[in-house]
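For the sequence shown, the numbering used here gives the first residue as 731, with consecutive numbering after it.
Report on the following structure.
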Amino acid sequence: MLQKFIICLGIICLYIPAQAQMYAGRNTLEISSSGTSAETHLKSNQLVASWVFEENSLELRLKTHAIYHFASEADQALLQEVFMIDSNPLLSMRLDLKDLNLAPGSSAGQQLAVPVIIEYASKELAATADFSYEYDAQKEWVRFDLNTTVSAEEMGLWISETYQSRFSDQVNISVKGGEMTRRY
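In structure tokens:
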């Protein structure tokens with residue numbers, strides 16, 4: 731049994747990029763949209779995230795069900811129907827950072843436009859995100875903020891007539907970071 735475990739672990743390690751660094755921490759996820767007569771603003775600052783940070787990319791993975799616990803009853807109903815939150819879909823965002831020339835100790839206080847691939851509910855779409863960051867390799871932490879607006883339909887969301895007054899096809903997704911520490 732132990733031999734099988736070691737062999738499986740070795741195979742898994744072959745598929746993990748050598749330069750990748752895993753980070754974990756808490757951050758704030760905000761999702762907002764304007765419907766025909768009202769705005770919806772969903773927020774959770776207790777969202778646990780994990781990221782894979784490589785020299786040229788950052789992948790952020792968020793369990794979306796956590797936002798449900800901090801929402802009002804009306805927002806919980808919207809989350810259940812529009813975001814299919816009961817199935818706890820993973821929101822994955824992969825940012826292409828190759829043009830930023832990230833180096834330890836670097837930062838970008840201003841917002842930079844970077845390509846991002848968003849995966850949610852079995853859909854994948856390409857967008858552009860406004861991105862700022864601080865990276866300290868010696869303290870082993872990264873901090874970043876990002877903001878992007880995407881099409882709800884392309885994201886795999888379906889907005890029924892019931893929620894069109896509060897939610898449109900344009901969805902704004904913001905992730906506001908705290909310190910994210912390297913996970914060993």
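Note that CB positions come from ideal geometry on N, CA and C, so glycine has one too.
- In the structure shown, Asp805 adopts helical secondary structure according to DSSP, grouped into three states.
- In the displayed model, Leu790 falls within a strand according to three-state DSSP.
- Counting along the chain, Tyr798 sits inside the alpha helix (DSSP H) bounded by residues His795 to Tyr798.
- With a cutoff of 9 Å on beta-carbon distance, Leu876 and Ser852 are scored as not near each other.
- Going by DSSP, Arg873 is part of the beta strand (DSSP E) stretching over Trp871 to Ser881.
- In terms of CA proximity to Glu864, Leu830 leads the group Ile848, Leu830, Pro819 and Ala856.
- A direct Cα-to-Cα measurement between Ser898 and Thr892 gives close to 12 Å.
- By alpha-carbon distance to Leu825, the top candidate from Ala804, Phe874 and Ile815 is Phe874.
- Per DSSP, Asp826 is one residue of the beta strand (DSSP E) stretching across Leu820 to Asp826.
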